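Input: a single structure, listed below in structure tokens.
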Amino acid sequence: MSTDMDNASRRSLAALLVGRRTVFLLGTLAFAVWPLAFNPYLAYAANLALIYILLAVGLNFIIGFAGQLVFANGALMGIGAYCTGLLMYDGGWPFWLALPAGAVLSCIIGLLVALPALRLQGLYLALGTVAFAQFALWVFIHWEGLTYGNAGFVLPPISFEAIGLGKDLGLYYLSLALVLVFVLIAYRISRSRVGRAFIAVRESEVAAEALAIDLTVYKTIAYGVSALYAGLAGGLFTALLGVVVPESFNLFQIVLQFAMVIIGGLGSIAGAIIGAVALISLQELLRGFQEVQEIAFGALLLATLLFFPGGIAAALKRWVPGWTETHHQDGGGRS
Amino acid sequence: MSRLETRGLCLSFGGIRALDGVDLSVEAGEIRGIIGPNGAGKTTLLNAICGLTPPSEGVVLLDGEPVSGLKPSAIAARGIGRTFQTSMLFGGMTVLENVMTGLHQHMSANVFTAALGLPSVRREDTDAREKALAALDFVNMRQFAERDGAALSFGQQRLVEIARALISEPTVLLLDEPAVGLSPPRVQELDLLLRRIRDERGITIVMIEHVIRLVMGVCDRITVLNSGAKIAEGTGDEIIENREVQEAYLGKAIDAAD
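One line per chain: the protein sequences are A and B, in this order. Residue numbering for the first sequence follows this note's numbering, starting at 1 and increasing by one per position. Residue numbering for the second sequence follows this note's numbering, starting at 336 and increasing by one per position.
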């Protein structure tokens with residue numbers, strides 16, 4: 001009994017020192033001082049990482065929590081990006097209005113995608129949503145009257161003068177604030193009745209239904225939440241790049257986001273965050289070797305699926321004392 | 336009026352008639368056993384009752400109200416709980432969270448209130464945690480609350496599943512072979528637990544079971560299925576004496592006379 005107690009107190013001490021809370025605090029601190037300490041290029045890279053944290057945490061809702069193999073998020077990010085961009089470029093809207101509008105439109109389209117997709121499962125769902133992604137890309141390229149086609153368009157300047165910051169720093173700290181808020185929201189949802197319903201749907205639809213969990217309702221919510229994150233990130237992405245072009249939202253975008261969530265560990269919010277930061281770092285290190293990039297990501301994704309199906313989150317759970325995270329899908333079937 | 340009633344349930348898979356006009360009438364507070372040889376349609380009957388595979392003909396009535404035709408989640412919400420033959424504990428959740436999931440229909444948090452982290456959501460979750468611990472206490476599994484469900488033995492997982500079903504406060508609980516894989520002392524404990532579920536919770540139980548000692552000991556009445564049809568119904572003693580039941584299990588007796 002007493003050794004149990006000792007173990008428990010040692011674990012809670014370890015949790016205090018290296019637990020998730022501490023890691024998050026340090027991570028936030030690092031991101032907060034980063035652009036002040038390093039050159040503009042590194043600040044840009046960190047901003048990109050923040051945007052991909054939103055994308056990965058959002059994608060994790062649908063593929064990690066609700067367990068639906070959906071490939072629509074690259075396109076939904078594009079819809080958020082185009083909506084925000086076009087509202088500013090053609091509509092003359094200010095960024096602070098165009099950004100949430102893009103997120104909301106993306107969320108609505110995500111819910112519309114859910115309608116037919118709810119009837120599909122597994123491979124058919126994957127194929128159906130890849131088709132949606134290709135269709136969206138086709139629209140971005142060919143509906144020139146709306147999207148300005150392959151050449152895209154350049155965003156009007158964004159001003160953060162109201163909070164006394166330049167465009168780069170302003171956008172950086174806006175991204176950081178949104179990441180903090182939306183990661184907190186993700187944790188709150190995942191720990192709630194809604195999060196438990198997602199996991200039930202992922203683990204066994206039959207058992208979930210026997211507990212009065214409506215599959216249609218909870219899958220639809222997962223689509224909507226996931227799309228909202230993607231749309232919001234798309235708007236920030238547009239603002240960061242300053243241009244909107246269709247090729248940003250092609251197949252590679254899908255692979256990149258999937259790699260983040262899977263390498264991080266399906267069903268783990270912390271994993272998605274770490275996966276996003278790791279892969280953006282890798283992408284920036286390999287900048288200038290476009291082909292190597294794609295091969296490296298593909299290989300990493302494959303290696304994770306084959307050898308570490310639990311991803312980084314599983315490693316954290318195993319090796320870091322006091323690291324607990326519920327809902328994580330620990331590499332299908334192993335015990 | 337019966338608590339649970341089926342009238343003329345029929346269901347075919349391809350050319351096979353899995354259920355062939357099954358009438359069932361279970362009184363409130365009863366423990367009903369469903370037995371029959373493999374392939375008799377026992378699990379199919381439970382699936383038809385809880386809506387997983389809706390019957391092609393016939394109706395299911397809960398307290399006189401038809402529930403057949405509703406979605407399985409809606410039937411569960413009306414008060415028909417269920418456990419399965421194979422363990423269906425949710426992976427990636429602790430035992431406690433698994434049981435808390437059973438409270439789904441009695442909680443009200445939605446994606447917006449959860450995202451905002453409203454105090455009411457937090458209070459509701461604290462309540463749920465306590466109720467789930469009490470439910471684990473009821474099946475004597477409280478000490479495993481923080482464990483990973485997959486780390487439990489088969490029999491322990493079964494008990495957690497029962498706790499998860501109980502916490503949703505069903506009026507009727509359908510159990511699909513709860514004793515499979517249990518050692519004799521564990522079967523004895525299950526016998527006791529089933530009686531407590533009925534006596535303390537007032538829940539009516541319909542149970543498929545092959546462990547004859549359990550069925551004979553705990554069930555008020557037993558229904559025997561063969562080839563999708565009901566061939567006998569009665570108390571344990573009546574069923575043992577029933578000629579048709581003996582034939583279904585053992586084949587026709589060769590007449591020794593002549």
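Glycine included, C-beta positions come from ideal geometry on N, C-alpha and C. As the structure is a prediction and not an experimental result, all values here were calculated from the model.
Cutoff 9 Å: A214(A) Cβ touching any chain B Cβ: For clarity, residue 214(A) is Asp in the given sequence; the question names Ala instead. Judged by the 9 Å Cβ criterion, D214(A) is in contact with chain B.
As assigned by DSSP and simplified to three states, the class of K406(B): coil
Beta-bridge pairing of V395(A) - partner residues as DSSP gives them: The question about residue 395(A) has no answer, for chain A in this structure spans 1 to 335.
Alpha helix (DSSP H) segment containing V430(B), residue limits: 430 to 436
Nearest to L527(B) (by Cα), restricted to the options F473(B), A564(B), E340(B), A485(B): F473(B)
M551(B): first and last residue of the uninterrupted alpha helix (DSSP H) it sits in: 547 to 553
Three-pair Cβ contact test at 8 Å for the region 73 to 93 of chain A versus the region 226 to 246 of chain A: yes
The ligand NAP heavy atom lying under 8 Å from the CB of P519(B): As presented, the structure is devoid of all ligands, the ligand NAP included, so that no description of it is given.
Those residues which DSSP pairs with F348(B) across a bridge: Within the DSSP secondary-structure output, F348(B) pairs in a beta bridge with I351(B).
Outcome for V243(A) when other beta-carbon atoms lying within 10 angstroms are tallied against a minimum of 16: V243(A) should be labelled exposed.
Contacting positions in the region 345 to 377 of chain B - beta carbon closer than 9 Å to chain A: If the cut-off is 9 Å between Cβ atoms, the region 345 to 377 of chain B has nothing near chain A.
Where the alpha helix (DSSP H) through M423(B) begins and ends: Unbroken run through M423(B): none, as it is neither H nor E.
A368(B), DSSP secondary structure in three states: Checking the sequence, you will find Gly at residue 368(B) rather than Ala. G368(B): strand per DSSP, three-state reduction.
Contacts that T238(A) makes with chain B (C-beta to C-beta distance below 9 Å): Going along chain B, no residue has its Cβ under 9 Å from T238(A), so there is no contact; the nearest lies around 24 Å.
In DSSP terms, what R342(B) is bridged to: V394(B)
F198(A) to A162(A) span [Cα, whole Å]: 40 Å
Under 9 Å between C-beta atoms of L339(B) and V394(B): no
DSSP three-state assignment for A567(B), whether helix, strand or coil: strand
Within-9 Å CB hit, L25(A) to chain B: no
Q290(A) burial status per 10 Å Cβ neighbour count (16 or more: buried): exposed
Proximity test, Cβ basis, 9 Å: E291(A) and chain B: no
Touch test, the region 43 to 62 of chain A against the region 167 to 178 of chain A, Cβ-Cβ under 8 Å, three pairs minimum: Yes, the region 43 to 62 of chain A touches the region 167 to 178 of chain A.
Proximity test, Cβ basis, 9 Å: G314(B) and chain A: Here chain B has residues from 336 to 593 only, and residue 314(B) is not among them.
Closest by C-alpha distance to R536(B), when choosing among A480(B), D460(B), F489(B), A470(B): A470(B)
Exposure of T304(A), with buried meaning 16 or more beta-carbon neighbours within 10 Å: By the 10 Å Cβ count, T304(A) comes out buried.
Sequence-distant residues of its chain with Cβ nearer than 6 Å to I532(B) (five each side left out): Hits under 6 Å: I538.
Proximal residues, the region 173 to 190 of chain A versus chain B, C-beta separation under 7 Å: Under the 7 Å Cβ criterion, the region 173 to 190 of chain A contributes I185, R188, I189.
Coarse secondary structure for T558(B), derived from DSSP in three states: strand
Close beta carbons around A449(B), own chain, < 7 Å, minus the five adjacent residues each side: V456
Sub-9 Å separation of Q329(A) and L266(A) beta-carbons: Against a cut-off of 9 Å, the Cβ pair of L266(A) and Q329(A) comes out as a contact.
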